[in-house]
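*Asks:* With the first letter of the sequence shown counted as 1, position 163 gets the number 175 in this note's numbering; the numbers rise by one all the way through. I have a structure here, written as structure tokens, and I will follow up with some questions on it.
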Amino acid sequence: MSGLLDAVLKKLIKNGRLEVVFPDKRRRIYGDMNAKDAAAMEILTADTYAHLLVNPSLAFGEGYMNETIKPINCSIYDVLNVILQNDLAAGHFGEKIVSVLRFGKRFWSQLNGLKTSRKNVAHHYDLSGALYSLFLDEDRQYSCAYFLTGNETLEEAQLAKKRHIASKLNLDRPGLNILDIGCGWGGMALFLAKEFDANVTGITLSQEQLQVAKKRAQEEGVEDKVRFELRDYRLVNKQYDRIVSVGMFEHVGVNFYDHFFQDIKRILKPDGVMLLHSIGRSDGPGSTNAWINKYIFPGGYSPSLSEAFAAIEKSGLWVTDCEILRLHYAKTLKLWRARVEAQKQAIIEMYDERFYRMFDFYLSSCELSFYYHNHMNFQLQISPTIDSLPITRDYMFQTEQKLSIEH
């Protein structure tokens with residue numbers, strides 16, 4: 013039984029060392045025998061073995077969830093750390109085929125209309141708020157943090173992220189009307205209202221997030237400055253001075269990029285400014301990992317810069333600033349993963365062991381993707397007009413420094 017997959021793994025594993033025990037109990041070692049990164053795993057069933065040949069990116073995660081793939085004297089992170097250092101699409105004929113098929117049907121899998129978008133968001137973001145409180149920072153920032161030195165705590169890095177984004181919005185006067193698209197649990201909206209005396213409307217498609225955000229605004233005494241709504245960005249009719257969107261563009265769908273930026277132009281005042289923060293890919297258009305699409309973010313996709321810029325160009329909007337955050341999300345995910353591991357028993361009691369393995373696989377694979385698979389974050393500052401912002405970036409640094417000194 014080990015023959016065909018054995019041949020695949022010999023071709024695939026060039027970096028790191030991986031030991032595999034097959035269902036027939038044969039044991040093989042692949043890769044560099046002297047490699048620092050080493051792991052071992054067992055494939056327990058013939059079905060899992062077969063699925064790994066046909067669709068490995070889906071079968072591997074499912075096998076771990078169902079315990080038909082088990083790490084041996086190591087963690088799933090250790091196993092993935094070896095596998096993802098290697099080019100799966102180039103080294104595995106099955107993955108090469110299914111990756112072509114995934115790319116071919118990505119327009120269908122990302123048809124995120126109004127009803128589908130709400131359903132897809134609910135799949136992940138309407139999980140129990142108690143789960144997210146176990147591993148997110150106190151403000152529940154569920155997106156890439158910003159590390160000034162790399163040694164910050166999660167709380168420090170998430171606060172730095174909010175300051176960094178705020179500095180790019182050029183909030184140069186009180187009373188500005190801001191739209192937060194994909195507002196999460198309300199942290200960014202509350203921050204902007206309190207720090208800059210802004211009037212903020214946060215919109216989300218998650219009932220769970222909406223309830224928490226409204227409660228937070230009430231508890232913090234800013235209901236007169238901040239309101240939250242269950243609303244799709246396509247149904248916004250009012251114009252705003254500023255728009256911020258953090259970690260939402262990944263759920264728009266490649267079919268809707270042109271419409272998204274046309275809507276931004278429609279609801280952003282002529283002298284307005286938008287800051288868009290998104291996961292992206294540096295190696296051109298691609299498709300979403302099959303396991304991630306099925307179990308974590310259905311309909312989700314991390315765009316390439318070329319895809320985002322092409323849509324912006326068609327809309328007539330200006331990209332007035334672009335920043336690439338390379339390893340910041342890897343560091344964020346590492347901190348989340350450590351907290352999830354520390355709360356393993358609580359998560360199992362909240363859901364079950366299979367759910368815990370799913371979440372463990374999700375955070376581990378995503379963290380490593382930012383190290384090995386050309387994933388990054390980008391921040392785009394966007395405006396309808398050429399002269400809506402100062403001609404140098406000094407105002408960003410000054411605002412960020414001021415916020416840091418005041419706190």
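Using N, Cα and C, we set each Cβ at its ideal position, and we do this for glycine too.
Which whole-angstrom value is the C-beta distance of E150 and E164, which I expect to be below 8 Å?
*Replies:* Counted from its first residue, the sequence shown places residue 150 at position 138. Counted from its first residue, the sequence shown places residue 164 at position 152. With a Cβ gap of about 14 Å, E150 and E164 do not count as contacting.
*Asks:* Along the beta strand (DSSP E) that carries I215, what are the first and last residues, could you check?
*Replies:* Your numbering for residue 215 matches position 203 in the sequence shown. Here the beta strand (DSSP E) through I215 covers N211 to T216.
*Asks:* If you measure between the beta carbons of I279 and Q251, is that distance less than 8 Å?
*Replies:* Translated into the one-based positions of the sequence shown, residue 279 becomes position 267. Translated into the one-based positions of the sequence shown, residue 251 becomes position 239. Yes.
*Asks:* Can you tell me which of W330, F382 and M260 puts its alpha carbon nearest to the alpha carbon of I398?
*Replies:* Working through the sequence shown from its first residue, we reach residue 398 at position 386. The option with the nearest alpha carbon to I398 is W330.
*Asks:* G265 and Y313 look like a contact to me (Cβ under 8 Å); what is the Cβ gap, rounded to whole Å?
*Replies:* Translated into positions along the sequence shown, residue 265 becomes position 253. Translated into positions along the sequence shown, residue 313 becomes position 301. Confirmed, Cβ separation roughly 7 Å.
*Asks:* Assign E31 to buried or exposed, taking buried as 16 or more other Cβ atoms, counted over all protein chains shown, within 10 Å of its Cβ.
*Replies:* Here the question's residue 31 lines up with position 19 in the sequence shown. Per the 10 Å Cβ criterion, buried.
*Asks:* Measure the Cβ-Cβ separation of T411 and S179 and say whether it is below 8 Å.
*Replies:* On the sequence shown, position 399 is the one that residue 411 refers to. On the sequence shown, position 167 is the one that residue 179 refers to. Yes, the Cβ-Cβ distance between T411 and S179 is below 8 Å.
*Asks:* Between the C-alpha atoms of E235 and A229, what's the straight-line distance to the nearest angstrom?
*Replies:* Locating residue 235 in the sequence shown gives position 223, where the first residue counts as 1. Locating residue 229 in the sequence shown gives position 217, where the first residue counts as 1. So the two alpha carbons sit approximately 5 Å from each other.
*Asks:* Suppose contacts are defined by Cβ-Cβ distances below 8 Å. Is A342 in contact with Y383 by that definition?
*Replies:* Translated into the one-based positions of the sequence shown, residue 342 becomes position 330. Translated into the one-based positions of the sequence shown, residue 383 becomes position 371. Yes, they are a contact pair.
*Asks:* Roughly how many angstroms separate the alpha carbons of N27 and L100, rounded to a whole number?
*Replies:* By one-based count along the sequence shown, residue 27 stands at place 15. By one-based count along the sequence shown, residue 100 stands at place 88. Distance between the alpha carbons of N27 and L100 is about 12 Å.
*Asks:* Report the residue from W348, D36, H176 and E335 whose alpha carbon sits nearest the alpha carbon of Q391.
*Replies:* On the sequence shown, residue 391 is found 379 positions in, with the first residue counted as 1. Of the candidates W348, D36, H176 and E335, the one whose C-alpha sits nearest the C-alpha of Q391 is E335.
*Asks:* Identify which residue in T80, L70 and N93 has its Cα closest to the Cα of A51.
*Replies:* Residue numbering aside, residue 51 sits at position 39 when the sequence shown is read from its first letter. Ranking T80, L70 and N93 by Cα distance to A51 puts N93 first.
*Asks:* Report yes if the CB atom of F72 is closer than 8 Å to the CB atom of I84, and no otherwise.
*Replies:* The residue given as residue 72 occupies position 60 in the sequence shown. The residue given as residue 84 occupies position 72 in the sequence shown. Their beta carbons are not under 8 Å apart, which means F72 does not touch I84 by this criterion.
*Asks:* Taking the alpha-carbon positions, what's the A157 to F272 distance?
*Replies:* Position 145 of the sequence shown, counted from the start, is the residue given in the question as residue 157. Position 260 of the sequence shown, counted from the start, is the residue given in the question as residue 272. If you take the alpha carbons of A157 and F272, they lie about 25 Å apart.
*Asks:* Below 7 Å CB to CB, which residues in the same chain sit around H340 once its five sequence neighbours on both sides are set aside?
*Replies:* To locate residue 340, count along the sequence shown from 1; it is residue 328. Counting only Cβ-Cβ distances below 7 Å, and skipping sequence neighbours, we find C156, A157, Y158, F159 and N389.
*Asks:* With a threshold of 7 Å on Cβ separation, who are the neighbours of K356 within its own chain once the five nearest residues in sequence on each side are excluded?
*Replies:* Residue numbering aside, residue 356 sits at position 344 when the sequence shown is read from its first letter. Within the same chain, K356 has close Cβ partners Y368.
*Asks:* Taking Y154 as the reference, which of M260, L191 and I324 has the closest Cα?
*Replies:* Within the sequence shown, numbered from 1, the residue matching residue 154 stands at position 142. Cα-wise, what sits closest to Y154 is M260.
*Asks:* Is the region 273 to 292 close to the region 195 to 215, with three or more CB pairs under 8 Å?
*Replies:* They do not touch, by the three-pair rule.
*Asks:* Under the three-state reduction of DSSP, which class applies to R338: helix, strand or coil?
*Replies:* As a first step, residue 338 is located in the sequence shown; it is residue number 326 there, counting from the start. Coil at R338, not helix or strand.
*Asks:* For E263, does the three-state DSSP call read helix, strand or coil?
*Replies:* For this step, residue 263 is matched to residue 251 along the sequence shown. It is worth fixing the name first, because residue 263 is His in this sequence and not Glu. Reduced to three states, the DSSP call for H263 is helix.
*Asks:* What is the DSSP secondary structure of T60, counted as helix, strand or coil?
*Replies:* Taking the sequence shown and counting its residues from 1, one reaches residue 60 at position 48. In the structure shown, T60 sits in a helix (DSSP, three-state: H, G or I).
*Asks:* How should A142 be labelled, buried or exposed, when 16 other C-beta atoms within 10 angstroms of its C-beta is the threshold for buried?
*Replies:* Within the sequence shown, residue 142 is the residue found at index 130, counting from 1. Exposed is the call here.
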